[in-house]
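For any residue, its number in our numbering is found by taking its place in the sequence shown, counting from 1, and adding 116.
Report on one structure; see the data block that follows.
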Amino acid sequence: MKKTITMRRFTYVFALCFSLFLVLWGGGCDGDGSGGVCPATTLSIEVCDPETGGPFSLVIDNGFFPAVVGSQSVLEGVDGEGTEIRIEINVLDETEVVAGIETRVVEEVEFEDGVLIEVSRNFFAQAPDGTVCYFGEDLDECPDGLEQVGDEFLCNGEEPSHEGAWRAGENGNVPGIIMPANPRVGDVFRQEGAPGIAEDQAEVLALGEPIEVPAGDFGDTLTTEDCNPLEGGARDLKVYVRGIGLAIDEDAELVSFE
């Protein structure tokens, strides 16, 4: 299983990079996820400004990043070290006011070898033009496994790590773009706006590249490469399917959605 998933990803990345070699630059197609300097952003995040970018909506119907209350996506795979990964993405019937904006809460739960290691509550709202804005996340993480006690989580009986958690409107943080309204190949956009804490950005590599995942075969896709300047430009490949959302996250692939 490990070899199958890893080879599928390698083949996909190689084919994609080869086809785009003449038009893309910056070393953004490293199949091993190695880094380098992140490319300069090309899209303005002003569309997500809480003061000037609204009115924002809880109805998130962006084609490549829909967030319908009650929906769930599950991705599974095996990473390069042989660890079994499971990611559950749940759109909750909950909202949270962040930076004065009412946002939709999307919970992401991650398991490694069956052990719960991370739970995040992510905050999204949609701008008038269809851009999905990212207002931050609350995060609990424990590599040894999270233990839920009531509404809280513990790590070995103590407070878990919250590294990477951030909220727009606090400590100079600003919302980012998680998905543009009309993404185009070459678009580079800041996803997170927390200096020194969370600064991920993404570049659109391709549109319409066919994929095969356990949940099915899809052709209406968007391929991006995330880049983290806080980790030396480390890269992650992601593929989104219109009407579903995230279908490939590095070695994890969509196995079910509802």
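By construction, the Cβ of each residue, glycine as well, lies at the ideal position given by its N, Cα and C atoms.
By the Cβ neighbour-count rule, Ser-189 is buried, with 16 or more other Cβ atoms within 10 Å of its own.
For Cys-258, the secondary structure class from DSSP, reduced to helix, strand or coil, is coil. Here Ala-310 has Trp-282 and Asn-289 as same chain residues with Cβ atoms under 6 Å from its own Cβ, once five neighbours each way along the sequence are excluded.
The beta carbon of Val-231 is closer than 7 Å to those of Gly-261 in its chain, skipping five residues each way along the sequence. A straight-line Cα-Cα distance of about 13 Å links Phe-269 and Pro-259. Cβ-Cβ separation between Thr-219 and Ala-241: approximately 5 Å, consistent with a contact (criterion under 8 Å). For Glu-197, the closest C-alpha among the options Val-371, Ser-372, Asp-367 and Glu-374 is that of Asp-367. Beyond the five residues adjoining it in sequence on each side, Phe-239 comes within less than 6 Å, by CB distance, of Glu-212, Val-214, Thr-219, Phe-251 and Gly-252 in the same chain, given in chain order. Distance from the CA atom of Asp-316 to the CA atom of Glu-369, rounded to whole angstroms, is 21 Å. Ranked by Cα distance from Thr-337, the first of Gly-285, Lys-354 and Leu-208 is Lys-354. When the Cα atoms are used, Phe-334 and Leu-191 turn out to be separated by approximately 15 Å.
Here Asn-178 is buried. Its C-beta has 16 or more other C-beta atoms within 10 Å. For Arg-237, the enclosing beta strand (DSSP E) begins and ends at 231 to 242. For Val-304, the CB contacts under 6 Å within the same chain, skipping 5 residues up- and downstream, are Pro-155, Thr-157, Thr-158 and Glu-319 in chain order. Taken in chain order, the complete beta strand (DSSP E) segments of 3 residues or longer contained in the region 153 to 179 are 176 to 178. A Cβ-Cβ separation of about 16 Å leaves Gly-292 out of contact with Leu-255 under the 8 Å criterion.
Among the bridge pairs identified by DSSP, Val-221 is matched with Phe-239.
Bridge pairing for Glu-226: Ile-203 and Glu-234 [DSSP]. Of Val-371, Cys-343, Thr-340 and Ile-203, the smallest CA-CA separation from Glu-328 is found for Val-371. In this structure, DSSP gives Glu-328 an extended state, which the three-state scheme calls strand. Residue environment for Thr-168: exposed (fewer than 16 other C-beta atoms within 10 angstroms of its C-beta). Annotation for Thr-340: the continuous beta strand (DSSP E) segment containing it runs 337 to 344.
Rounded to the nearest angstrom, the Cβ distance from Glu-223 to Arg-237 is 6 Å, consistent with a contact under 8 Å.
Proximity to Glu-257 across Glu-275, Phe-180 and Asp-245 peaks at Glu-275, based on C-alpha coordinates. Bridge pairing for Ile-364: Val-355 and Glu-369 [DSSP].
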